[in-house]
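Participant:
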Amino acid sequence: MIAAPSSVPAVDLAAGDESDDVANLQTMLGQLGYMDLVTGYYGDITASAVARFEQDNGIDSDGWYGPVTRMALATRAR
Numbered sequence: 015m016i017a018a019p020s021s022v023p024a025v026d027l028a029a030g031d032e033s034d035d036v037a038n039l040q041t042m043l044g045q046l047g048y049m050d051l052v053t054g055y056y057g058d059i060t061a062s063a064v065a066r067f068e069q070d071n072g073i074d075s076d077g078w079y080g081p082v083t084r085m086a087l088a089t090r091a092r
C-alpha cells in the first residue's frame with residue numbers, strides 16, 4: 015500500500031538522489047499508477063516512471079524531475 019505524500023517535492027531530483035523528497039515523488043507517482051515501490055532512491059525505476067509521466071503529460075521525456083515536471087505533478091495531485 016502506498017501512503018499519501020506530504021507534498022509535491024519542491025526540489026529538483028535526478029538519478030542517484032536518495033531522500034524523503036524522492037520517497038514523496040515515488041509515492042505520488044505510485045498513486046497515479048506509474049510505480050509500485052517506494053524506496054527513497056532515485057534509480058532507473060524512478061527515472062523510467064518519471065519519463066512515462068512526462069510523456070503522458072506532454073513534457074519532454076527525460077526522466078529528470080525538474081520545474082516543468084513538478085508543475086504537472088502538482089496539477090495532477092490536486
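Just so we're aligned: 48 in my numbering is position 34 of the sequence shown, and the numbers increase by one with no gaps anywhere. We put the beta carbon where it would ideally sit given N, CA and C, even for glycine. Predicted model, so just to flag it, every value in this text is computed and none were measured.
#1: Rounded to the nearest angstrom, what separates residue 15 and residue 72 at their Cα positions?
#2: Answer yes if the stretch 44-55 comes into contact with the stretch 74-83, meaning at least three C-beta pairs across the two stretches below 8 Å, and no otherwise.
#3: Can you tell me where the alpha helix (DSSP H) with residue 91 in it begins and where it stops?
#4: May I ask which residues mark the beginning and end of the alpha helix (DSSP H) holding residue 59?
#5: Give me the Cβ distance between residue 37 and residue 61, rounded to the nearest whole Å; I'm assuming they're in contact under 8 Å.
Facilitator: Short version:
#1: Below a pLDDT of 50, predicted positions are generally treated as unreliable, and residue 15, at 43, falls in that range; the measurement from the model is reported next regardless. Their backbone Cα atoms lie some 28 Å apart in a straight line.
#2: Contact between the stretch 74-83 and the stretch 44-55 is absent, because fewer than three Cβ pairs lie under 8 Å.
#3: 81-91
#4: 58-70
#5: Contact doesn't hold; Cβ gap of about 15 Å is too wide.
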